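For the record, the sequence lines run as chains A and B.
Residue 1150 in this note's numbering sits at position 419 of the first sequence; the count goes up by one each step and never skips.
Residue 9 in this note's numbering sits at position 7 of the second sequence; the count goes up by one each step and never skips.
Using N, Cα and C, we set each Cβ at its ideal position, and we do this for glycine too.
Note that this is a predicted model, so its numbers are computed, not measured.
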Amino acid sequence: MPRASAPPRRAPPSQLAPLAARRPVPAPLLPQGLLERLLAVAMERGGDFAEVYVERTHSTSVVLEESRIKSAQTGLVQGVGVRVISGGKVGYAFSDDWDEPALLRAASTAAMIAQSTGAERAFPVSRVAVPSHYHVPTPLSDVEVALKASLLTRADKAARAFDSRVTQVNAAYGDQTRRIAVANTEGRYTEDTQDLCRLSVHVVAQGKKNERRTGMYGGGGRVPFTHWETFPPEEVAREAARQSVATLGAVDCAAGPQTVVLAPGWSGILLHEAVGHGLEADFIRKGTSLFVGKLGEKVASELVTVIDDGTVSSGRGSINIDDEGTPGERKVLIANGVLKGYLYDSLNAKLMGQRSTGSGRRESFRHLPIPRMTNTFLAPGNHHPEDILKEVKRGLYCATFGGGQVDISNGNFVFEVSEAYQIEDGKLGRPVKNATLIGVGPEALKNVSRVGCDPRPDPGMGICGKNGQSMPVGVGLPTVRIDNVTVGGTQVG
Amino acid sequence: MDYQKLAKRIVQRATKKGASQAEAFLEVGRQSTVRVREGQIEDLTQSTSKGVGLRVVVKGRLGFAFTSDFEPSGLERLVDQALKLAEAAAPNKLNGLPGAKELGRLGDTGALYDAAVANLPGDWKVKAALEMEKAGRAEDARVATFNSVGAGDFVSEVYVASSEGMSGGYSGTYVYLFAMPVASGDGQLQRGYWLDYKRFLDDLESPEAIGREATRRAVRMLGARRVKTQQVPVVFDPLVAASFVSGVARAANGNAVHQQASMFASRMGQKLAGEHVTLVDNGLLPRGLATAPFDGEGVPTRRTPIIDRGVLTHFLYDAFTARKAKARPTGNAKRGYNALPSIGASNLYLEPGQKPPEQLIREVDRGFYVTSLLGHGANPVTGELSAGANGLWIENGELTHAVQEVTVAGNVLKMLQDLDGVGNDLQFRGGATGAPTVRFRGLTLSGE
């Protein structure tokens, strides 16, 4: 079952990424001649299509605990995957050994899926230029680790200074510089470098009688390291600390249907779970999603327009190319409540007579590409966020969020609310603990009764899990009101 | 290549270049998975992989780097990077690799490797997967399709070497079957999920049994509806109980406890549950998926009761946290080559009780039998649990209609006290965490 996790709000100031300095084009990951030889071997048993995927990822992570840098680490993971498609069958083999014989072995292993003897054929490829949606002039892997570590000590100090009830601060910084190259038997050869970084701060606050509350905040994206000048670690830390302290003294959440108002930003996980996964073409083709056969039908309130956009500047889920070499796209999935389209990778697109929407993504060379979301958000509406709140007599205001999960067959989705307040007569009341929202995708979206004019992306730390593969994604939502949502809690009556 | 020697050589290289201590953790594996669809292979993946992580201590500072590049230049870069990273870390006199005292004598794991799995004929997995699909369809005509059905195996080798005298390795095998059919009826689609995952081929359930059970689980959910918001006795099936158990054990993480960031902090020795509740982490469980002679940093594994007949008795530690908390390492340093060790459970299970699961259900007048949960489980700091739930309604001790779109919520500490029934059906289904059917006196269910 797909699930997503991570929290909160506030836009990464992506427009601040310098556009001027472009990185020089690095040497190819594998020589073109070798790529072409691998394609020829992959097709030697008569497959219909073959693709070579090359990946080299440098990563760094630094962890702070108990006010000290506990550890700093870096790593290199590199590998080559060869995929062969024959009819509806897929053969895949990968190797983290870049020796030519090892790679040729992988190609001939993948070729076994095809049954005929096939003639020797050549598959020349030529490089295709791709657009650029992120601009990171200095690779994150080149930035000194000491600078990365200093973000964490600054965060720790700010979180502890925020309130004396803050008892624990754990902070982590991670980045990666991921280079990929994709060559296929259709002659396309594309390359991309995808830098990505993220800072997160977890805080525990302790109140009276051993009461503990937690707060978590963070952000990042496909941004240069200078991002932290405009999105400083102190701000991240104070928000995490604020959450933990704000929820001290929270009361048990009432169980049962309620009117809920979702704060803007990370609440976009609602869309990701309620509709996004159910529109991924693998589930559609196999007939396992409740959105099968609903194109053109009304599946949500007319206030609802849902977009998946891989081209958001510097977005965490943005991609110049997907992991099959197809350029990222902006795609309207639901327009004014009407279902407009699905998310396709190349395999499902081919089998369904469609074209890829640039949604074929994979965690690494160890995995097959599958249809995935990029940045998924709800288009803004006309309602003023303050008016939305004012109109609610009794309900629940959901301020910050944990993760969510969906069962795409019956459409049941949950998402966890980590900071929530009672609404009484249009005003925020006491904090509430242990709330979870549950619903069925289309029904919940039909109950959307107000959409705010305050669109906001999440701050850039979402992770989406599907079939055991984790991907960075973005979500976004303006303030939204949904009527009659089942709220999980412990208080009955 | 002799990987044990290679690990030692990397350690020597690091100490020669200035590390006061060094440790190499090396993993090598090969694996294969096949999925089928409508009587045909859908996809087949094969791979080999390897990688090594190097941990060094320089003047009380910790550095770590990993690579999958085993060329001499790649390994040289690995050593240089780990040393360089140590410079960026803060000095901590608690830093250090497990010493001779902590490394100690290895316990008896029994066999971890099954030649029958390592030498599975190429088409075994294809046949098994096809058989699962066929049996799943034959079980009930309402199976519309499969989201996924397949089989896989892998063989892995682990080697650890350290400047403190650790030198060891072991290899293990794994084989698994999984089926996820989707049933259609009553205007609904409902998914079922069943699987088995073992080290030994002989322990693995038959593909036919997996296919049939997956279908039964999908079909019985058809016609699911909400129920009213209320407090009722709730029964977790073994799959759901296992996820509850792993949530409980996260709070026994020695580091979180030391940081006072666990619901178990300052509760050591307290009676958290009835006598019938015993929660164990056992790195030496015979034929267990997580059974190993030593953990991710060479410390011998052992059996550690976390909750012993209701009393909180032990936390889980790696060497660093044990030193910090002045406790004994429990052999619970978990890791892959690409990460530093962190505390985690090995084979974790709730010991079975006497009652068959049918009896636990029969004793409930009106309640909810939960067969799958949606969400991330309990918060180990606060103990709060609030999750989506699917399952079957219990009326007069009998399973009646299917239930969906409801949540169950409670607090783990309260739930442990309320745990009033433990079944005799302990099973390890999808991994190294196992549980029998369990029953809670009362949980809040949120629905209509």
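- For Val383(B), the nearest beta carbon of chain A is closer than 7 Å to its own beta carbon.
- A Cβ-Cβ contact shorter than 7 Å links Ile345(B) with Leu318(B).
- For Ala92(B), the closest alpha carbon among the candidates Val793(A), Trp829(A), Leu835(A) and Thr848(A) is that of Val793(A).
- Interface annotation for the stretch 353–375 of chain B against chain A: empty, criterion Cβ-Cβ distance under 7 Å.
- When secondary structure is reduced to three states using DSSP, Leu766(A) falls in the helix class.
- Non-local beta-carbon contacts of Arg969(A) in its own chain, meaning distances under 8 Å to residues more than five positions away in sequence, involve Ala889, Ala890 and Phe893 in chain order.
- Checking the DSSP bridge columns, you'll see Met947(A) partnered with His933(A).
- In the three-state DSSP reduction, His278(B) falls in the coil class, being neither helix nor strand.
- For the C-beta of His378(B), the chain A residues within less than 7 Å are, from N- to C-terminus, Ser736, Gly1133, Gly1134 and Glu1147.
- The criterion of a C-beta distance shorter than 7 Å is not satisfied by Thr332(B) and Asp310(B).
- By the Cβ rule, the stretch 1179–1195 of chain A does not count as touching the stretch 414–431 of chain B, because fewer than three pairs are nearer than 8 Å.
- In this chain, the alpha helix (DSSP H) harbouring Pro209(B) covers Pro209 to Val221.
- Tyr1075(A) has its alpha-carbon roughly 23 Å from the corresponding atom of Ile844(A).
- Taken atom to atom, the span from the alpha-carbon of Leu1001(A) to that of Asp1039(A) is near 14 Å.
- Interface flag for Thr869(A) against chain B is unset, since no Cβ pair is found closer than 7 Å.
- At a Cβ-Cβ threshold of 7 Å, Gly806(A) and Asp827(A) do not count as neighbours.
- Pairing Val900(A) with Asp887(A) gives a Cβ-Cβ distance under 7 Å.
- Excluding five sequence positions before and after Asp427(B), the CB atoms of its chain that fall closer than 8 Å to its own CB belong to Pro240, Pro354, Pro358, Pro359, Pro438 and Thr439, given in chain order.
- Contact annotation: Ile1119(A) and Gly1183(A) have beta-carbon atoms nearer than 7 Å.
- Flagged as an interface residue toward chain B: Val935(A), by a C-beta distance shorter than 7 Å.
- Put simply, the CB of Tyr784(A) is far from chain B, with every gap to its CB atoms at 7 Å or more.
- In the DSSP assignment, Glu397(B) falls within the beta strand (DSSP E) that extends over Glu386 to Glu397.
- A distance below 7 Å separates the beta carbons of Ile1169(A) and Gly390(B).
- Proximity to Val119(B) across Gly20(B), Asp205(B), Gln190(B) and Pro235(B) peaks at Asp205(B), based on C-alpha coordinates.
- As the crow flies, the alpha-carbon of Leu191(B) is around 12 Å from that of Gly1009(A).
- The criterion of a C-beta distance shorter than 7 Å is not satisfied by Gly1056(A) and Thr924(A).
- Membership of Ile43(B) in any alpha helix (DSSP H) is not indicated; the residue belongs instead to the beta strand (DSSP E) covering Gln42 to Val60.
- Neighbours of Gly449(B) across chain A, judged by C-beta separation under 7 Å: Thr1217.
- At least 7 Å separates the beta-carbon of Leu197(B) from that of Asp283(B).
- Residue contact with chain A for Asp110(B): absent (no Cβ-Cβ distance below 7 Å to any residue of chain A).
- Note that the C-beta distance between Val783(A) and Val815(A) is not below 7 Å.
- Per DSSP, the unbroken alpha helix (DSSP H) holding Glu133(B) starts and ends at Trp126 to Glu141.
- Looking at Val934(A), Arg858(A) and Gln989(A), the one whose alpha-carbon comes closest to that of Ala258(B) is Val934(A).
- No Cβ of chain A is located within less than 7 Å of the beta carbon of Ala102(B).
- Taking a Cβ-Cβ threshold of 8 Å, the residues of chain B close to Arg799(A) are Ala92 and Asn94, in chain order.
- At a cut-off of 7 Å, the C-beta of Phe317(B) has no neighbouring C-beta in chain A.
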